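A short worksheet on the structure shown next.
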C-alpha cells in the first residue's frame, strides 16, 4: 500500500509541477515582415517569406515547423510546411525565412491580369508557427503595389 501511495504522490507532484510551469508561459508573437523575390529562373520564381517570432517568456522555446498558404487575387497560389527547427531564446526575437517556389505556369495568368489591372491586387498569407505544444496562427492581408 505504501508503494502505491509513493507512486501516486510522485505522479501528482510531477503533474502539478508541469501545470505550474506552463501556467505562466505567454504565447509567442508571430509577425509578417516581408515577402521578397530571391531568385528568378527560366521556369520558376522563388520568394522568401520573412517572419519574426518573438518569445516573451523567461525560457527558450523551440519552433518545430511553419505551415503556410498564400492566395493572390482570391486564387490559391501555394501552401506547404517548412519543417526546419529553430530555437528562440528567452525574451528574444528570431527572424525565420521560409522559401516559397512558384512555377510560371501557376502564376502567369494572374500576373498578366494584375498587370492589366483586370484583377484585384489583394493577397492573403495565412499560416501557423508550431511549437510542438502550441500552434500560433498568423495572417497578413494586403495589396500588391504595382508601379
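In our numbering, the protein residues as written are 26 to 172.
Cβ atoms here follow ideal geometry from the backbone N, Cα and C, with glycine treated the same way.
For clarity, every value in this text was computed on a predicted model and none was experimentally measured.
From this set, the options, which residue's C-alpha is nearest residue i's C-alpha?
{"i": "residue 162", "options": "77, 110, 113", "result": "77"}
{"i": "residue 131", "options": "86, 102, 137, 157", "result": "102"}
{"i": "residue 71", "options": "128, 96, 110", "result": "128"}
{"i": "residue 74", "options": "67, 57, 83", "result": "57"}
{"i": "residue 82", "options": "160, 157, 114, 152", "result": "114"}
{"i": "residue 99", "options": "67, 147, 59, 52", "result": "147"}
{"i": "residue 108", "options": "50, 49, 92", "result": "92"}
{"i": "residue 133", "options": "119, 67, 49, 118", "result": "67"}
{"i": "residue 53", "options": "59, 106, 157", "result": "157"}
Quick check on residue i: does DSSP put it in helix, strand or coil?
{"i": "residue 130", "result": "helix"}
{"i": "residue 107", "result": "strand"}
For residue i, report the span of its beta strand (DSSP E) as first-last.
{"i": "residue 81", "result": "Residue 81 -> no beta strand (DSSP E), and no H or E assigned at all."}
{"i": "residue 50", "result": "Careful: residue 50 lies outside any beta strand (DSSP E) and carries neither H nor E."}
{"i": "residue 146", "result": "Unbroken run through residue 146: none, as it is neither H nor E."}
Once you ignore the five residues that flank residue i on each side, which residues in its own chain have a CB closer than 8 Å to its CB?
{"i": "residue 69", "result": "126, 127, 128, 129"}
Output needed for residue i: all residues of its chain with C-beta closer than 6 Å, excluding positions within five of it in sequence on either side, in chain order.
{"i": "residue 155", "result": "89, 90"}
{"i": "residue 151", "result": "94, 164"}
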